[in-house]
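Peer 1: Before anything else, here's the structure in question.
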Amino acid sequence: MVTLTAPYVSGFLAFRETPFLLEALQRLETSQTTLVPQVVFVDGNGLFHYREFGVACHLGVLSGIPCVGVAKNLLQVQGASPKLRCFELMCNVSFLLLIRTKIYIFC
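When you line the sequence shown up against this note's numbering, it's residues 11 to 117, in that order.
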């Protein structure tokens, strides 16, 4: 359990949560070397972010592990289809993952 001191600001989740996620991955790598993940699913966006670099991208770059952002809410992104708004969860491509690996989870 961690205590977050920074307030939530839409679009800036990475600056609030990445340090704690990175620390958890580093502790896992140190204490349980056989359990280091090959990919990490992150509660937040990856490339499907208005700056095209969400929390999943931040964590992937800093950890060196491929990350996929799983967003509960779609951000307002230029060129995004309004039809996508009906999905509750969306996985989006992030660090070290190819476009063809992009998947949507339909609810």
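The beta-carbon is built from N, C-alpha and C at its ideal position, and this holds for glycine as well.
Taking the alpha-carbon positions, what's the serine 20 to leucine 35 distance?
Peer 2: Between the alpha carbons of serine 20 and leucine 35 lies a distance of about 24 angstroms.
Peer 1: Are three or more beta carbon pairs between the segment 57-77 and the segment 21-34 nearer than 8 angstroms?
Peer 2: yes
Peer 1: Quick check: the Cα distance between glycine 64 and cysteine 77, rounded to an integer number of angstroms?
Peer 2: Taking the CA atoms as reference points, glycine 64 sits about 11 angstroms from cysteine 77.
Peer 1: Taking only three categories from DSSP, how would you classify phenylalanine 63?
Peer 2: coil
Peer 1: Would alanine 16 be called buried (16 or more neighbouring beta carbons within 10 Å of its own) or exposed?
Peer 2: exposed
Peer 1: Quick one, which of Leu32, Phe58 and Thr13 has its alpha-carbon nearest valine 46's?
Peer 2: Leu32
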